[in-house]
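S.K.: Would you mind keeping the following structure in view while I ask a few things?
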(Lines of atoms letter the chains of each structure in order from A; the text may use other names.)
(Lines give C-alpha, C1' and ligand atoms only; values in the text may rest on other atoms or scores of the structure.)
Protein backbone atom coordinates (compact mmCIF):
# COMPACT_ATOMS: atom_id res chain seq x y z
CA UNK A 30 0.00 0.00 0.00
CA UNK A 31 1.02 3.61 -0.51
CA UNK A 32 2.16 5.81 2.35
CA UNK A 33 -1.16 7.69 2.15
CA UNK A 34 -3.11 4.43 2.39
CA UNK A 35 -1.02 3.34 5.40
CA UNK A 36 -1.66 6.70 7.09
CA UNK A 37 -5.39 6.34 6.47
CA UNK A 38 -5.38 2.81 7.97
CA UNK A 39 -3.36 3.96 10.99
CA UNK A 40 -5.70 6.90 11.55
CA UNK A 41 -8.72 4.57 11.46
CA UNK A 42 -7.09 2.17 13.95
CA UNK A 43 -6.18 4.97 16.37
CA UNK A 44 -9.62 6.59 16.04
CA UNK A 45 -11.32 3.23 16.70
CA UNK A 46 -9.22 2.83 19.84
CA UNK A 47 -10.55 6.13 21.17
CA UNK A 48 -14.12 4.82 21.23
CA UNK A 49 -15.11 3.88 24.80
CA UNK A 50 -15.94 0.23 25.45
CA UNK A 51 -17.76 -1.42 28.31
CA UNK A 52 -15.83 -3.91 30.45
CA UNK A 53 -17.28 -5.46 33.61
CA UNK A 54 -19.95 -2.78 33.75
CA UNK A 55 -17.52 0.13 33.51
CA UNK A 56 -16.81 2.36 30.55
CA UNK A 57 -13.15 2.11 29.55
CA UNK A 58 -11.25 4.27 27.10
CA UNK A 59 -7.84 3.41 25.75
CA UNK A 60 -5.32 5.22 23.64
CA UNK A 61 -2.62 3.90 21.41
CA UNK A 62 0.56 5.00 19.78
CA UNK A 63 1.47 3.36 16.48
CA UNK A 64 4.82 3.33 14.75
CA UNK A 65 5.00 2.54 11.04
CA UNK A 66 8.04 1.26 9.18
CA UNK A 67 8.03 0.51 5.45
CA UNK A 68 9.91 -2.10 3.44
CA UNK A 69 12.36 -1.47 1.78
CA UNK A 70 12.77 2.22 2.76
CA UNK A 71 13.19 1.59 6.49
CA UNK A 72 14.57 -1.94 6.45
CA UNK A 73 14.40 -5.29 4.75
CA UNK A 74 14.39 -7.74 7.64
CA UNK A 75 11.70 -8.22 10.24
CA UNK A 76 14.14 -7.17 12.97
CA UNK A 77 15.01 -3.94 11.14
CA UNK A 78 11.37 -3.08 10.49
CA UNK A 79 10.31 -3.80 14.07
CA UNK A 80 13.16 -1.66 15.43
CA UNK A 81 12.17 1.24 13.15
CA UNK A 82 8.46 0.93 13.96
CA UNK A 83 9.31 0.81 17.67
CA UNK A 84 11.36 4.02 17.39
CA UNK A 85 8.50 5.73 15.55
CA UNK A 86 6.04 4.61 18.23
CA UNK A 87 8.22 6.03 21.01
CA UNK A 88 8.46 9.31 19.10
CA UNK A 89 4.65 9.51 19.22
CA UNK A 90 4.74 8.90 22.98
CA UNK A 91 7.47 11.51 23.51
CA UNK A 92 5.40 14.15 21.70
CA UNK A 93 2.76 13.70 24.43
CA UNK A 94 -0.01 14.75 22.07
CA UNK A 95 -2.14 11.80 23.07
CA UNK A 96 -2.87 8.82 20.84
CA UNK A 97 -1.51 8.97 17.32
CA UNK A 98 0.90 7.46 14.82
CA UNK A 99 4.14 8.22 13.06
CA UNK A 100 6.18 6.80 10.25
CA UNK A 101 9.82 5.99 10.99
CA UNK A 102 10.85 8.91 8.79
CA UNK A 103 11.25 12.33 10.39
CA UNK A 104 7.70 13.36 9.46
CA UNK A 105 5.73 15.04 12.27
CA UNK A 106 3.51 12.93 14.49
CA UNK A 107 -0.09 12.64 13.32
CA UNK A 108 -2.28 13.10 16.42
CA UNK A 109 -5.60 11.33 16.69
CA UNK A 110 -8.87 13.21 16.61
CA UNK A 111 -10.54 12.53 19.99
CA UNK A 112 -14.04 11.10 19.88
CA UNK A 113 -16.69 13.47 21.22
CA UNK A 114 -16.70 13.20 25.01
CA UNK A 115 -13.60 10.98 25.09
CA UNK A 116 -11.09 11.72 27.85
CA UNK A 117 -7.77 13.21 26.78
CA UNK A 118 -4.64 11.14 27.44
CA UNK A 119 -2.44 12.63 30.14
CA UNK A 120 0.86 11.33 28.76
CA UNK A 121 1.44 9.10 31.78
CA UNK A 122 1.82 5.99 29.64
CA UNK A 123 -1.14 4.43 31.42
CA UNK A 124 -3.34 4.68 28.33
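Residue numbers (this note's numbering): 30 to 124. Don't be surprised by glycine CBs; every beta carbon is placed ideally from N, CA and C. Everything numeric in this text was worked out from a predicted model, so none of it was measured.
1. Do three or more CB pairs link the stretch 59-74 to the stretch 93-100 at distances below 8 Å?
2. What residues are listed by DSSP as bridge partners for residue 57?
3. So is residue 41 buried or exposed if we call it buried at 16+ other beta carbons inside 10 Å?
4. Mark residue 60 as exposed unless 16 or more other C-beta atoms lie within 10 angstroms of its C-beta, in which case mark it buried.
M.R.: Put simply:
1. yes
2. 50
3. exposed
4. buried
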